[in-house]
Amino acid sequence: MAGENVGSSRPLATHTVVSGPDEGQSLWQPLPSRGYVTVKFSPQNTPYEDFSAGTQLLPPGCHIREHGHLQNHELVFVYEGRGTVTIDEVTTPLEPGSAVLFCRNARHRIDNTGETDMKLFWVFMPPGLEDWFNAIGRARKSGDPMPEPFARPDDVAAIQERMRFLPPRS
């Protein structure tokens, strides 16, 4: 794994897990996203195998490039910043409080069109998005300065295929 679990996500009661603000595996993301993701919940740190969830910080002018998922649904909730989501070539504005539920096979892209960081909470069902972030990202610790921009791995197409991602149209 590229990053290590930070903090101590801990079970409470029988099946409840709490993850603090600086807890979870955090990974810097390559261009064009930059920023970072933090995996808050996954089968690796919870008793649940049905989903994974986390946060993503997307700096101004950056975007999550177009892709889709052959076997997964994805929920994204915007809690800070502004931007757009393009789903199958239809663009819709996003602002704090916006939520998007992507179905399987829906190609989508998220752009930060604002002047501040865009912060997203995501849920991926079944899990696996954390494996993508590990395959393309670099370990991050809370408080670390953002590294210089870096490219995706040379074998990104093979990684997308292995993760059952739909590639961008072009």
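Residue numbers (my numbering): 29 to 198. Note that the Cβ used here is the ideal one computed from N, Cα and C, for glycine as well. Model, not experiment: these values are computed from the prediction.
Length of the line joining the Cα atoms of A167 and L55: To locate residue 167, count along the sequence shown from 1; it is residue 139. To locate residue 55, count along the sequence shown from 1; it is residue 27. Spanning the two alpha carbons is a distance of roughly 5 Å.
For the region 178 to 192 and the region 90 to 108, state whether three or more C-beta atom pairs, one from each stretch, are separated by less than 8 Å. yes
Validate contact between the region 148 to 159 and the region 78 to 89 using beta carbons, cut 8 Å, 3 pairs: yes
Same chain, Cβ closer than 6 Å to I115, five either side skipped, listed in chain order: By 1-based counting over the sequence shown, the position of residue 115 is 87. Once the five neighbours on either side are set aside, the close Cβ partners of I115 are A134, H136.
A179 (DSSP reduced to helix, strand or coil): Against the sequence shown, residue 179 aligns to sequence position 151. Residue state, collapsed to three classes: coil.
So what's A185 in DSSP terms, helix, strand or just coil? As a first step, residue 185 is located in the sequence shown; it is residue number 157 there, counting from the start. When secondary structure is reduced to three states using DSSP, A185 falls in the helix class.
Please list the terminal residues of the continuous alpha helix (DSSP H) segment that includes F161. If you number the sequence shown from 1, residue 161 lands on position 133. Per DSSP, F161 belongs to the alpha helix (DSSP H) from 157 to 164.
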